[in-house]
Amino acid sequence: MRHRAESGGEILPTSNSRTEVGTKRKGSRFGEKIVDFGKEFGLDWATILIIGIIALMIDKFVPDVGGKARYFRLLPGESTSPQMEAFGHPYRKQIITFWASAGLNIGTPALCISVLEVCTGRSFTVFARGMLGVINSVIMCCFVQILIKTLVGGYRPNWFDICKPELDGPGAGFDGTWYKWTVCTGDQQRINWALESFPSGHVATSFAAAVFLSLYINAKLKIFSDYRVNPIIMVLFLMPLTLAVLMGGAISADMVRGPLTS
Numbered sequence: 001m002r003h004r005a006e007s008g009g010e011i012l013p014t015s016n017s018r019t020e021v022g023t024k025r026k027g028s029r030f031g032e033k034i035v036d037f038g039k040e041f042g043l044d045w046a047t048i049l050i051i052g053i054i055a056l057m058i059d060k061f062v063p064d065v066g067g068k069a070r071y072f073r074l075l076p077g078e079s080t081s082p083q084m085e086a087f088g089h090p091y092r093k094q095i096i097t098f099w100a101s102a103g104l105n106i107g108t109p110a111l112c113i114s115v116l117e118v119c120t121g122r123s124f125t126v127f128a129r130g131m132l133g134v135i136n137s138v139i140m141c142c143f144v145q146i147l148i149k150t151l152v153g154g155y156r157p158n159w160f161d162i163c164k165p166e167l168d169g170p171g172a173g174f175d176g177t178w179y180k181w182t183v184c185t186g187d188q189q190r191i192n193w194a195l196e197s198f199p200s201g202h203v204a205t206s207f208a209a210a211v212f213l214s215l216y217i218n219a220k221l222k223i224f225s226d227y228r229v230n231p232i233i234m235v236l237f238l239m240p241l242t243l244a245v246l247m248g249g250a251i252s253a254d255m256v257r258g259p260l261t262s
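For the sequence shown, full-length UniProt numbering gives the first residue as 1, with consecutive numbering after it.
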């Protein structure tokens, strides 16, 4: 709206027009921030997305070369052989599932970085850089461990329970007691999963997120500096690494992996 000034006929803008101008400026600033954000982080996020898709394609469609090339020994009528003790554990559900692990690996650093940024700089750009580092670490680690798992692999401790082998003749070796996965009669999807013991995705990704978060905490709080650090801050620095160790302990406790293949 406009109104006329008392001393003349000049039309002056009212507060409504000033509000509209301010809204337009805020909108243009927000648009500029989005453009700047895309310029700074767009290529990084695109690269992470491509690597994540490649890792997923390898995991889903590339056969387990390493695991399917391995032999295991099965002595008919004997249940106390070293291999039976190593791979004869009963199958049970994981204490920490894949999705729970993914949520913890991303959610915990996101919460910590948010709290640190609120307490220090309150900059969304710095927060975005921190989250980019976390996700970059996790995705890169996923790619490497999936590649190794596919090419190397190994039997899980519950291998025999999942495999359910039925012997229809002598196997390989001088005594004919060595067999491959082809004698298995269990669920094929679980068999493929049981051939991918090494390395552990849970442990690898949790340590990737934990190491980055610990280094981020050190960068923000200057823990390793030339002054005495409060013990509480040192505990904060060590907490992500401790949680990653507990993640490894969980998958060892439910015998999804043995202590030497985590």
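By construction, the Cβ of each residue, glycine as well, lies at the ideal position given by its N, Cα and C atoms. Keep in mind the model is a prediction, meaning the values are calculated, not measured.
Extent of the continuous alpha helix (DSSP H) to which residue i belongs
i           : result
residue 129 : 124-151
residue 245 : 231-253
residue 107 : 98-119
residue 205 : 201-221
residue 161 : 159-163
Counted within 10 angstroms of its Cβ, other Cβ atoms place residue i as buried (16 or more) or exposed
i           : result
residue 99  : exposed
residue 160 : buried
residue 205 : buried
residue 107 : exposed
residue 235 : exposed
residue 123 : exposed
residue 177 : buried
residue 175 : exposed
residue 61  : exposed
residue 139 : buried
residue 203 : buried
residue 46  : exposed
residue 246 : exposed
residue 252 : buried
Residue(s) in a DSSP beta bridge with residue i
i           : result
residue 179 : 72
residue 40  : Per DSSP, none; premise fails for residue 40.
residue 263 : The question about residue 263 has no answer, for the chain in this structure spans 1 to 262.
residue 172 : 178
CB of residue i within 9 Å of CB of residue j, strictly
i           : j           : result
residue 215 : residue 68  : no
residue 164 : residue 142 : no
residue 240 : residue 223 : no
residue 56  : residue 167 : no
residue 197 : residue 248 : no
residue 87  : residue 180 : no
residue 250 : residue 95  : yes
residue 207 : residue 128 : no
residue 93  : residue 254 : yes
Supposed contact pair residue j and residue i - C-beta distance, whole angstroms, cut 8 Å
i           : j           : result
residue 110 : residue 131 : 6 Å
residue 256 : residue 156 : 6 Å
residue 59  : residue 146 : 5 Å
residue 48  : residue 113 : Going by Cβ atoms, the distance from residue 48 to residue 113 rounds to 17 Å, so no, they are not a contact pair.
residue 150 : residue 66  : 7 Å
residue 266 : residue 91  : Nothing in the structure corresponds to residue 266, since the chain is present only between 1 and 262.
residue 209 : residue 137 : 6 Å
residue 212 : residue 133 : 6 Å
residue 153 : residue 64  : 5 Å
residue 116 : residue 220 : 5 Å
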